[in-house]
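What follows is one structure encoded as structure tokens, with my remarks underneath.
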Amino acid sequence: MLNILKKWRNPNREQTEFSKEEILKREIPEHIAIIMDGNGRWAKKRALPRIAGHHEGMKVVRKVTKLSNELGVKALTLYAFSTENWKRPKTEVDYLMKLPEEFLGTFLPELIEENVQVRIIGEESKIPEHTLRAVQKAKEDTINNNGLILNFALNYGSRAEMIHAVKGIVQDAKNGDISSEDINEALFSQYLMTKDMRDPDLLIRTSGEIRLSNFMLWQLAYSEFVFTDVLWPDFSEDHLLAAIKEYQHRGRRFGGL
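Reading the sequence shown from the start, the letters are residues 11 to 267 in the numbering used here.
This is the structure:
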């Protein structure tokens, strides 16, 4: 049992046994969600400030986005900043809020060329204006792209998202737009921030932590989970391929036989 868990948590175990071409012969997950964890620990191991880990992690976002697009993944949701991350030191929070500007300022032309569409989910009211401007420009410049959806979860918390959805349903019921009989899983999903997206097929979390940390709790109900001890700045294209290969060998029954 312990060996099975060890293998499950370390999807890089078969890196030498497959290629991208082999992965493409089987089903590719349409929507991949990633909890990008371990930037601070990566920096600490190298006696660097935590922001150095976040900067290095930004480079991994580019590599993972590029490969996901090449594989035909339709959506990639990245947990960039949670509603709980405001508790971190102000200097770190300020830097994290500059990263979308830096990433999009550098790679937006490449994203446009590669037909990637940028989106964001999360509560925007607390996000600094300079960050929102960068994201809004990326959204506008890529709105007509129909390739991979690169979806940043920024100031996102799943519980807050669900409470917001409930409030929306209650208000629409008061207005007479819906009745209690209309409420089901499909309708509830339409009040979430991901209403125009398929639920994730695959969740990847790096750094060895095995929890969801208030991320897409509704949407991940039937997703396949892959946890790896690899810190996010060390996460490579091979690690992504290995996680997808793990997904391809899972039996997805959605409660059936």
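Using N, Cα and C, we set each Cβ at its ideal position, and we do this for glycine too.
**Prompt:** Hey, how far is the Cα of Ala253 from the Cα of Lys177?
**Reply:** 37 Å
**Asked** Which class does Val128 belong to by DSSP, given the choice of helix, strand or coil?
**Response** strand
**Request:** Could you check if Gly50 is buried or exposed, using at least 16 other CB atoms within 10 Å of its CB as the buried criterion?
**Result:** buried
**Of the listed residues Pro138, Arg143, Glu139 and Glu134, nearest to Gly115 (C-alpha basis)** = Arg143
**Request:** Helix, strand or coil for Arg208, going by three-state DSSP, please let me know.
**Result:** coil
**Message:** Can you tell me where the beta strand (DSSP E) holding Ala43 begins and where it ends?
**Reply:** His41 to Ile45
**Asked** Exposed or buried, Gln127, counting other C-beta atoms within 10 Å across all chains shown (16 or more means buried)?
**Response** buried
**Asked** Are any of the Cβ atoms in chain B nearer than 7 Å to that of Gly50?
**Response** The structure shown contains no chain B, having only a single protein chain.
**Message:** On a Cα-Cα basis, can you pick out the residue from Glu139, Arg56, Asn125 and Glu171 that is closest to Ser92?
**Reply:** Glu171
**Item:** Reduced DSSP category for Asn185 - H, G, I as helix; E, B as strand; rest coil
**Value:** coil
**Prompt:** Helix, strand or coil: which one does DSSP assign to Val236?
**Reply:** strand
**Request:** Taking 7 Å as the cut-off, decide whether the C-beta atoms of Ala85 and Ile159 are in contact.
**Result:** yes
**Request:** Would you please state the rounded distance, in angstroms, between the beta carbons of Asp47 and Trp242? I believe it to be under 8 Å.
**Result:** 6 Å
**Prompt:** If you pair each beta-carbon of the stretch 33 to 48 with each one of the stretch 224 to 242, do three or more pairs fall below 8 Å?
**Reply:** yes
**Prompt:** If you draw a straight line from the alpha carbon of Glu37 to that of Phe237, how long is it in whole angstroms?
**Reply:** 20 Å
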